[in-house]
Structure formats: structure tokens, C-alpha cells
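Undergrad: Take the sequence shown: its letters are residues 14 to 76, numbered as in the working numbering. Yeah, the Cβ is synthetic: ideal placement off N, Cα and C, and Gly gets one too. Please read these numbers as outputs of a predicted model, since none were measured by experiment.
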Amino acid sequence: MPEDHRHCIVCGKAIESDKFFCSPSCEDIFKKQQKRMARTRLIMMAIFIAIFVVIIVLTYLKP
Numbered sequence: 014m015p016e017d018h019r020h021c022i023v024c025g026k027a028i029e030s031d032k033f034f035c036s037p038s039c040e041d042i043f044k045k046q047q048k049r050m051a052r053t054r055l056i057m058m059a060i061f062i063a064i065f066v067v068i069i070v071l072t073y074l075k076p
């Protein structure tokens, strides 16, 4: 029976069950990915709000 373990969420290597990453470099990669995803979500939300505002303004400007 294999001992309890989990896999690194970045590279998939088997690690101890109380850890999430196999190395500090995988942790850094994960943090960079999270930061990039948060920035992308913020940009997408801003684009959606801008499109919504443009649609509302154009709706009220029609004669």
C-alpha cells in the first residue's frame, strides 16, 4: 500500500500529504500564475463594464 501523499499542483510530482508544492520554484510559478489570472479577470471585467456602458449610452442617444 503506498504511503499517503499528494501531488504538486504545478508539476505533478508526488509530495508529502501536508504540502502543496514540491519546491519553492513551483510555488513561485503558482503565485505568478495566480497573479496573471487575477489581472486577466480584472481586465475582462473592465472590458465588460465598458461595453455595457457604451450600449446603455447608445441606447439613450437614439432619436
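#1: Is Val40 helix, strand or coil when you go by DSSP?
#2: By how many angstroms is the C-alpha of Ala63 removed from the C-alpha of His20?
#3: Where DSSP assigns a beta bridge to Ala27, which residues make up the other side?
#4: By Cβ distance, which residues of its chain are closer than 8 Å to Met14, with the 5 residues on each side in sequence left out?
TA: According to the structure shown:
#1: Here residue 40 is taken as the residue at index 27 of the sequence shown, counted from 1. Looking at the sequence itself, residue 40 is Glu, so the reference to Val does not match. The three-state secondary structure of Glu40, taken from DSSP, is helix.
#2: Looking up residue 20 in the sequence shown gives position 7. Looking up residue 63 in the sequence shown gives position 50. Cα to Cα, His20 sits roughly 41 Å from Ala63.
#3: Numbered from its first residue, the sequence shown carries residue 27 at position 14. His20, per the DSSP bridge assignment.
#4: In the sequence shown, the residue the question calls residue 14 occupies position 1. Model confidence at Met14 stands at a pLDDT of 48, short of 50, so the residue's coordinates are unreliable and nothing is read from them.
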